[in-house]
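Chemist: For the record, in the sequence shown the residue sitting at position 319 is 319 according to our numbering, with numbers rising by one throughout. Got a structure for you, written out below as structure tokens; questions coming shortly.
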Amino acid sequence: MPSSSQASSSATSDTGTSASSRKRAISHSSSLSDLVGTKIKKPALMHGTLMPHDFDPQGWWMSEKLDGLRAYWDGENMISRRGMVWFVPDHFREKLPKNLLLDGELWVKRDHFEKTSGLIRSLRKGKRPNVDGAPSWKEVIYFVFDVCGVSGGIEARWRTLKEKLGEEPVTPDEALKRPKGCLRILSHVRCNGKAHLERTLAEVRAKGGEGLMLRKANSPYNYSGNRSDTLLKVKPIYEAEAEVTGHKPGRENTRNSHRVGSLWVRMENGRAFAVGSGLTDLLRDQPPKKGSIIKYRFQELSERGIPRHPIFIGECVDKTQPRDAVVASSAYRQREPDASESESEGGI
């Protein structure tokens, strides 16, 4: 098993920059109080791509896809995927290792992405977030699924995590039954085929989960910062219809400043939002008229019931009324009263 110095050495060969050099670059001439709330060079994290429709997952490692905030721990600072240094309260920080570079997500529980995001982002430089709020940092779990700066395949890196942290991997369900406000290692199971994957995905979705992640056996960490074909996301894509209620101008000083930037639309349930992705230049010049029905796809609903990452598909010339999709998380929220009490740094 590699030592800390060996881990730094392997990171040099994998990324061209040693882990210790990266930490020095991050911490150079700055104390923690100086860095918190500031943006630095984003870490070269491994990112997943959507699983192809005809993909055979047999033999890949499978885990629940967490709807939290991706976070890199460099031994001193908690850094977002885009390079923002986040505040970590002392009671949480003291439970994190000083000699490991960790890749994971800050997570509260399923279907709580926006509340988690609001808590983590609540810090502004020179201010401390209210840790007594709901949810507080004492409810946050830093779910670790990989370690950087360690050579070898994913199984070897997981062994390093277990040995260095003295923790056994757990599922999100198991983590929710244990004390929070700490670090946990995310467990993985070997997928034995498409039916196994679909059954597990259905179970996760029924609980309000976002989806699954697949990791290729014996795969090294990809430090390119790009999406990797050895890390796959498995999540449902929904389609729905909405009524066009207006046209939002494109932003100034962009190629769409002289035409439509996005469409204001209304869902069947009356909620309104804008959709711009998927619009061609022709459609921006000659957009669907007010009152027309369009079809769009999206990945999930926000806590306010608004589609996340909507993409325009086309105009439904034969429809006169919008139609919403049936989304698993919506049904789950109806069974979870506390999920609606208050009204993207996403994941992998």
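Every residue gets a Cβ at the ideal spot worked out from N, C-alpha and C, and that includes glycine. Here the structure is a predicted model, which means the values were calculated and not measured.
How should HIS53 be labelled, buried or exposed, when 16 other C-beta atoms within 10 angstroms of its C-beta is the threshold for buried?
Modeler: Classification for HIS53: exposed.
Chemist: Would you kindly report the start and end of the unbroken beta strand (DSSP E) that includes SER63?
Modeler: Unbroken beta strand (DSSP E) run through SER63: 61-65.
Chemist: Measure the Cβ-Cβ separation of TRP60 and CYS148 and say whether it is below 7 angstroms.
Modeler: Contact: no.
Chemist: Tell me the start and end of each unbroken alpha helix (DSSP H) in the stretch 140-181 that is at least 4 residues and wholly inside, in chain order.
Modeler: Runs of the alpha helix (DSSP H) inside the stretch 140-181: 154-165 and 172-176.
Chemist: Determine the burial state of SER187: buried for a count of at least 16 other Cβ atoms within 10 Å of its Cβ, exposed for fewer.
Modeler: Buried.
Chemist: List the endpoints of the continuous alpha helix (DSSP H) containing HIS91.
Modeler: Here the alpha helix (DSSP H) through HIS91 covers 90-93.
Chemist: Around the C-beta of MET1, are 16 or more other C-beta atoms found within 10 angstroms, so that it is buried, or is it exposed?
Modeler: Reliability of the predicted coordinates at MET1 is poor, the pLDDT of 36 falling under 50, and the value obtained from them is presented with this limitation in mind. Exposed, by the Cβ-count rule.
Chemist: Using DSSP with H/G/I as helix, E/B as strand and the rest coil, what is PHE298?
Modeler: Correct three-state label for PHE298: strand.
Chemist: Note down the Cα distance separating SER63 from GLN286, rounded to an integer number of angstroms.
Modeler: Rounded to the nearest angstrom, the two C-alpha atoms are 44 angstroms apart.
Chemist: Quick check on ARG351: buried or exposed, where buried means 16 or more other Cβ atoms within 10 Å of its Cβ?
Modeler: This structure cannot settle anything about residue 351, because the visible part of the chain is limited to 1 through 348.
Chemist: Any idea what DSSP makes of ILE348, helix, strand or coil?
Modeler: In this structure, ILE348 counts as coil in the three-state DSSP scheme.
Chemist: Since ASP103 is in the beta strand (DSSP E), which residue starts that stretch and which ends it?
Modeler: Per DSSP, ASP103 belongs to the beta strand (DSSP E) from 101-107.
Chemist: Does DSSP classify LYS39 as helix, strand or coil?
Modeler: LYS39: strand per DSSP, three-state reduction.
Chemist: Exposed or buried, what is PRO179 when buried is set at 16 or more other beta-carbons lying within 10 Å of its beta-carbon?
Modeler: That one is exposed.
Chemist: Tell me the start and end of each unbroken beta strand (DSSP E) in the stretch 222-302 that is at least 3 residues and wholly inside, in chain order.
Modeler: Those beta strand (DSSP E) runs which fall completely within the stretch 222-302 and span 3+ residues are 227-234, 238-249, 260-266, 272-275 and 293-298.
Chemist: Going by other Cβ atoms of all chains shown within 10 Å of its Cβ, with 16 needed for buried, is GLN58 buried or exposed?
Modeler: When all chains shown are included, GLN58 counts as exposed.
Chemist: On the DSSP letters alone, give me the boundaries of the beta strand (DSSP E) that LEU69 sits inside.
Modeler: Start and end: 69-73.
Chemist: Taking PRO288 as the reference, which of ARG215, LEU201, VAL85 and GLY314 has the closest Cα?
Modeler: Of the candidates ARG215, LEU201, VAL85 and GLY314, the one whose C-alpha sits nearest the C-alpha of PRO288 is GLY314.
Chemist: Find out if the Cβ-Cβ distance for the pair ILE237, ARG308 is shorter than 7 angstroms.
Modeler: No, these two residues do not count as a Cβ contact at 7 angstroms.
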